[in-house]
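S.K.: Counting in full-length UniProt numbering, the sequence shown runs without a single skipped number right up to 687 at its last residue. Glycine included, each C-beta is placed from N, C-alpha and C at the ideal position.
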Amino acid sequence: SVSNIVPESCLLIVVGLLVGGLIKGVGEKPPILKSDIFFLFLLPPIILDAGYFLPLRQFTENLGTILIFAVVGTLWNAFFLGGLMYAVCQLGGPGLNHIGLLANLLFGSIISAVDPVAVLAVFEEIHINELLHILVFGESLLNDAVTVVLYRLFEEFANFEQVTIIDIILGFLSFFVVSLGGVFVGVIYGLIAAFTSRFTSHIRVIEPLFVFVYSYMAYLSAELFHLSGIMALIASGVVMRPYVEANISHKSHTTIKYFLKMWSSVSETLIFIFLGVSTVAGHHYWNWTFVISTLLFCLIARVLGVLVLTWFINKFRIVKLTPKDQFIIAYGGLRGAIAFSLGYLLDYKHFSMRDMFLTAIITVIFFTVFVQGMTIRPLVDLLAVKKKQETKRSINEEIHTQFLDHLLTGIEDICGHYGHHHWKDKLNRFNKKYVKKCLIAGERSKEPQLIAFYHKMEMKQAIELVESGGIGKIPSAVSTVSIQNINPKTLPVERILPALSKDKEEEIRKILRNNLQKTRQRLRSYNRHTLVADPYEEAWNQMLLRRQKARQLEQKMNNYLTVPAHKLDSPTMSRARIGSDPLAYEPKADSENLPIITIDPASPQSPESVDLMNEEPKGCGGLPPSPEEDEEGLVMRVKEPSSPGTDDVFTPGTGDSPSNQRMLRCLSDPGPRPEPEEGEPFIPKGQ
1 SVSNIVPESC LLIVVGLLVG GLIKGVGEKP PILKSDIFFL FLLPPIILDA GYFLPLRQFT
61 ENLGTILIFA VVGTLWNAFF LGGLMYAVCQ LGGPGLNHIG LLANLLFGSI ISAVDPVAVL
121 AVFEEIHINE LLHILVFGES LLNDAVTVVL YRLFEEFANF EQVTIIDIIL GFLSFFVVSL
181 GGVFVGVIYG LIAAFTSRFT SHIRVIEPLF VFVYSYMAYL SAELFHLSGI MALIASGVVM
241 RPYVEANISH KSHTTIKYFL KMWSSVSETL IFIFLGVSTV AGHHYWNWTF VISTLLFCLI
301 ARVLGVLVLT WFINKFRIVK LTPKDQFIIA YGGLRGAIAF SLGYLLDYKH FSMRDMFLTA
361 IITVIFFTVF VQGMTIRPLV DLLAVKKKQE TKRSINEEIH TQFLDHLLTG IEDICGHYGH
421 HHWKDKLNRF NKKYVKKCLI AGERSKEPQL IAFYHKMEMK QAIELVESGG IGKIPSAVST
481 VSIQNINPKT LPVERILPAL SKDKEEEIRK ILRNNLQKTR QRLRSYNRHT LVADPYEEAW
541 NQMLLRRQKA RQLEQKMNNY LTVPAHKLDS PTMSRARIGS DPLAYEPKAD SENLPIITID
601 PASPQSPESV DLMNEEPKGC GGLPPSPEED EEGLVMRVKE PSSPGTDDVF TPGTGDSPSN
661 QRMLRCLSDP GPRPEPEEGE PFIPKGQ
């Protein structure tokens, strides 16, 4: 119940303090966490576990943000803290005046780096969402190169009588050598481990040993040449995992997984216990000004660095980091045993203030682990920060993920923008075409990623079914031995469907191969000019779509008493009016003196299929209209077909005379009338 409130790292430090106090109480000298033991035996298992099971997709998608926090943020913290501590030492009195600028910058580089062990211990308990976890944890992994370079650099500069510009430039270049050199060493050993696992099918027992041995050799080789051992371990774990898991048996995979978890857990426990014991056993020199200033400036530098860098990063990110995310990133900058071990490595000859540095480092570690580590869980709940969703991966999710990757790659190709997805697709193609064939044995080198994932999920579900006692649900033809075996033999199973002939199966395979696998074949492009459209369908669609516009036009005409003469309506509008109510245009036998609308019975796609002809006005020719004519309205007559060789568009007709123009002007001003009811036709139907 206590571990639900207090993180395990805090409890382990308390246990270490109690053990150290008991050892000192009986008159013995408590053991101190020596740097060689820490860096050679306790740290590598934790980093290998983190690198081997690193969520590669989230890590690569946020690599730019992680690198900015790890490199620029650590440099900012180191120089900001070192410069302010130098000012404090100059103003702090006689006990601090002798500490120079290089010593303060060295102290700033030690205390500025976020510790991966402390971050793992705290963040795995609060189950924070994947984005925040990978940002803080990735920063703690990758800032090792910056910490190593700054530590070695200032330690060497402290021995120089004078530091020149060339020394500073060489120190800056050494950062790239240390970081990229560590990655290169890790990649080489990862490829060697993957190639070795290709030939271990007859010696399954020692397969896990190759993973541990080659990873540890990568770490030692990097440390031997003063490169970043943490970067080498991460690179080797990331490179070897996909190829090693394709070659080794399932039992070996289970052994690697649980042995790494156990080994890293034991190392983490020993680190925090030894940290508590070393606190009791070590020599301390307490200076209130130096310790309180260190603690205060550490918090200020972390907050300012996160705020400024996030403001810059959000200009380029699609998913922005919210103020809550920024607070968790700043609050999660925990310090741990790496800072203590680096401070313990300092030489008394060159750094006489080593005990005061160690005291300040232990104070900062205890504050971040106890205060920030204990309060981060309530703050996450209080701010309602999104937590990790425990969901099992499914085939559906994998298919859609791959589909979106291909879609985004295609969009980048079309735009001509070589972005993240473009280079990822190039790397995947190179890996599939060359690397897999060399590092993976047998037919699995040609197996598609989706099928490999399906086999993996199938094996996992079968094992869970066996462990849960659901063995009775498995068909009797499939034995538990074949499920647990890494290379199960195909057992005869009764087929529900009737067996197909070989020729029929080959024909089905050919059809699927031609239609499903050629994803990059060029299809016929769409061209609207080559499509054969149904003219009647287009005409009726136009009528239905513009029926409402015809009603609105009628309402506007009724709202004005006097409007200028307008041109004839377009054929499409005329068709729309006629289609609104065809019964309104019925021809009548006794309508010789009425205005006539003649309609061309041509096909609807003709541009002049409908036109207004021979309209004679009522009340515009000097004679008032009779009541009978006023009630009957307009009558529709069929237009005689034109003779061959004549142009219906440009041949003048009877409707172009000035009297007809006057008639149109008169018709356009019908005078005030009530608003039409819904569904009333444009021209009233005769009674």
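Using the Cα positions of G138 and I511, report the straight-line distance between them to the nearest angstrom.
M.R.: Here residue 138 refers to the residue found at position 138 of the sequence shown. Here residue 511 refers to the residue found at position 511 of the sequence shown. In a straight line, the C-alpha of G138 is about 47 angstroms away from that of I511.
S.K.: Tell me the rounded alpha-carbon separation between G83 and A145.
M.R.: In the sequence shown, residue 83 corresponds to position 83, counting from 1. In the sequence shown, residue 145 corresponds to position 145, counting from 1. Using only the alpha carbons, I get a separation of about 21 angstroms.
S.K.: Report yes or no: do the segment 59-76 and the segment 115-123 share at least 3 C-beta pairs separated by less than 8 angstroms?
M.R.: Cβ pair count under 8 angstroms is below three, so no.
S.K.: Would you list the residues sitting across from K387 in a DSSP beta bridge?
M.R.: As a first step, residue 387 is located in the sequence shown; it is residue number 387 there, counting from the start. In the DSSP output, where bridge partners are listed per residue, K387 has I128.
S.K.: Just the Cα atoms here: how many angstroms apart are A441 and G181?
M.R.: Position 441 of the sequence shown, counted from the first residue, corresponds to residue 441. Position 181 of the sequence shown, counted from the first residue, corresponds to residue 181. Looking at the two C-alpha atoms, the distance is approximately 29 angstroms.
S.K.: Alpha carbons only, please: which of L209, C298, S201 and Y219 is nearest the one belonging to I365?
M.R.: For this step, residue 365 is matched to residue 365 along the sequence shown. The shortest C-alpha separation from I365 is found at C298.
S.K.: So, is E161 buried or exposed, given that buried needs 16 or more other C-beta atoms within 10 angstroms?
M.R.: Mapped onto the sequence shown, residue 161 falls at position 161. Flag for E161 reads exposed.
S.K.: Note down, in chain order, each residue of its chain lying with its Cβ closer than 6 angstroms to the Cβ of L383, except the 5 sequence neighbours on either side.
M.R.: Position 383 of the sequence shown, counted from the first residue, corresponds to residue 383. Around L383: K324.
S.K.: Does P44 come out as helix, strand or coil in the three-state DSSP assignment?
M.R.: Your numbering for residue 44 matches position 44 in the sequence shown. The answer is helix: DSSP assigns P44 an H, G or I state.
S.K.: Using CA coordinates, which residue listed in F340, N97 and F184 is at the minimum distance from F274?
M.R.: Along the sequence shown, one-based indexing puts residue 274 at 274. The candidate whose alpha carbon is nearest that of F274 is F340.
S.K.: Please identify the residue among F154, V308, E245 and T375 whose C-alpha is closest to the C-alpha of G171.
M.R.: Taking the first residue of the sequence shown as position 1, residue 171 is located at position 171. The shortest C-alpha separation from G171 is found at F154.
S.K.: What is the DSSP secondary structure of R393, counted as helix, strand or coil?
M.R.: For this step, residue 393 is matched to residue 393 along the sequence shown. DSSP places R393 in coil when its eight states are reduced to three.
S.K.: Evaluate contact between the segment 209-228 and the segment 265-274, counting only Cβ atoms and requiring at least three cross-stretch pairs below 8 angstroms.
M.R.: Too few Cβ pairs lie closer than 8 angstroms, so no.
S.K.: Buried or exposed: which applies to C89, given that a residue is buried once 16 or more other Cβ atoms fall within 10 Å of its Cβ?
M.R.: Along the sequence shown, read from residue 1 onward, the residue named residue 89 stands at position 89. C89 comes out buried.
S.K.: Check for me: the alpha helix (DSSP H) holding M85 runs from which residue to which?
M.R.: Stepping through the sequence shown from its first residue, residue 85 is reached at position 85. Run containing M85: G73 to L91, per the alpha helix (DSSP H) assignment.
S.K.: What residue does the alpha helix (DSSP H) around P323 start on, and which one ends it?
M.R.: Reading the sequence shown from its first residue, position 323 is the one you call residue 323. Here the alpha helix (DSSP H) through P323 covers P323 to Y331.
S.K.: Look at V369 and C10 and say whether their C-beta atoms are less than 8 angstroms apart.
M.R.: Numbered from 1 along the sequence shown, position 369 holds the residue referred to as residue 369. Numbered from 1 along the sequence shown, position 10 holds the residue referred to as residue 10. Yes, the pair counts as a contact, with Cβ atoms nearer than the cut-off.
S.K.: Specify whether the segment 242-254 and the segment 326-339 touch according to this definition: at least 3 beta carbon pairs, one from each stretch, less than 8 angstroms apart.
M.R.: In short, these stretches do not touch, since the Cβ pair count stays below three.
S.K.: One question on the structure: do E506 and L450 come within less than 8 angstroms of each other, judged by their Cβ atoms?
M.R.: Residue numbering aside, residue 506 sits at position 506 when the sequence shown is read from its first letter. Residue numbering aside, residue 450 sits at position 450 when the sequence shown is read from its first letter. Not a contact, by the Cβ cut-off of 8 angstroms.
S.K.: Have a look at F39, I234 and S140 and flag the residue whose alpha-carbon is nearest the alpha-carbon of A70.
M.R.: To locate residue 70, count along the sequence shown from 1; it is residue 70. Considering only alpha carbons, the answer is S140.
S.K.: State whether the segment 279-293 contacts the segment 350-364, with contact taken as three or more CB pairs (one from each stretch) at a distance under 8 angstroms.
M.R.: At 8 angstroms Cβ cutoff, the stretches touch.
S.K.: Under 8 angstroms Cβ to Cβ from V6, same chain only, skipping five residues before and after it: list those, please.
M.R.: Position 6 of the sequence shown, counting from 1, holds the residue named residue 6. Within the same chain, V6 has close Cβ partners M374.
S.K.: Given this structure, state the Cα-to-Cα distance separating K261 from D405, to the nearest angstrom.
M.R.: Here residue 261 refers to the residue found at position 261 when the sequence shown is read from its first residue. Here residue 405 refers to the residue found at position 405 when the sequence shown is read from its first residue. K261 and D405: Cα-Cα distance of roughly 32 angstroms.
S.K.: Going by beta carbon distance, what residues of the same chain come within less than 8 angstroms of L54, once the five residues before and after it are set aside?
M.R.: Within the sequence shown, numbered from 1, the residue matching residue 54 stands at position 54. If we look at L54 and ignore the five residues flanking it on each side, its Cβ neighbours are I234, G237 and V238.
S.K.: Please go through the same chain and pick out, in chain order, the residues whose beta-carbon is closer than 8 angstroms to the beta-carbon of L18, but skip the five residues on each side of it.
M.R.: Residue numbering aside, residue 18 sits at position 18 when the sequence shown is read from its first letter. Closer than 8 angstroms at the Cβ level, and outside the excluded window around L18, lie G276.
S.K.: Distance check for Y348 and I165, CA to CA, integer angstroms please.
M.R.: Residue numbering aside, residue 165 sits at position 165 when the sequence shown is read from its first letter. Residue numbering aside, residue 348 sits at position 348 when the sequence shown is read from its first letter. Approximately 28 angstroms, taken between the alpha carbons.
S.K.: Give me the Cα-Cα distance between V185 and H422, rounded to the nearest whole angstrom.
M.R.: Here residue 185 refers to the residue found at position 185 of the sequence shown. Here residue 422 refers to the residue found at position 422 of the sequence shown. Cα-Cα distance, rounded: 27 angstroms.
S.K.: For T164, which three-state DSSP category applies?
M.R.: For the purposes of this step, residue 164 is taken as the residue at position 164 of the sequence shown. T164 falls in the coil class under three-state DSSP.
S.K.: Go through its chain and collect everything with a Cβ distance to R520's Cβ below 7 angstroms, but skip five positions before and after it.
M.R.: Taking the sequence shown and counting its residues from 1, the one referred to as residue 520 is at position 520. Because R520 sits at a pLDDT of 49, beneath the cut-off of 50, its placement in the model cannot be relied upon, and the point is left open.
S.K.: How far does the alpha helix (DSSP H) with Y258 in it reach, from first residue to last?
M.R.: The residue labelled residue 258 in the question sits at position 258 within the sequence shown. That run of the alpha helix (DSSP H) goes H250 to A281.
S.K.: Consult DSSP for F225 and reduce its assignment to one of helix, strand or coil.
M.R.: One-based indexing of the sequence shown puts residue 225 at position 225. The answer is coil: DSSP assigns F225 none of H, G, I, E or B.
S.K.: Ordered along the chain, which non-local residues of its own chain (more than five positions away) have a Cβ less than 8 angstroms from that of K456?
M.R.: Against the sequence shown, residue 456 aligns to sequence position 456. Around K456: no qualifying Cβ.
S.K.: Identify, in the order they occur along the chain, each residue of the same chain with its Cβ nearer than 6 angstroms to the Cβ of F107, setting aside the five sequence neighbours on each side.
M.R.: The count along the sequence shown starts at 1 and reaches residue 107 at position 107. Excluding residues within five positions, the ones whose Cβ falls inside 6 angstroms are F357.
S.K.: Exposed or buried, what is T294 when buried is set at 16 or more other beta-carbons lying within 10 Å of its beta-carbon?
M.R.: Against the sequence shown, residue 294 aligns to sequence position 294. Buried, because 16 or more other Cβ atoms sit within 10 Å of the Cβ of T294.
S.K.: Looking at H127: is its Cβ nearer than 8 angstroms to the Cβ of K437?
M.R.: What you label residue 127 is simply residue 127 of the sequence shown in a count that begins at 1. What you label residue 437 is simply residue 437 of the sequence shown in a count that begins at 1. Taking 8 angstroms as the Cβ cut-off, H127 and K437 do not qualify as a contacting pair.
S.K.: What are the boundary residues of the alpha helix (DSSP H) that W311 is part of?
M.R.: Indexing the sequence shown from 1 puts residue 311 at position 311. Start and end: W288 to I313.
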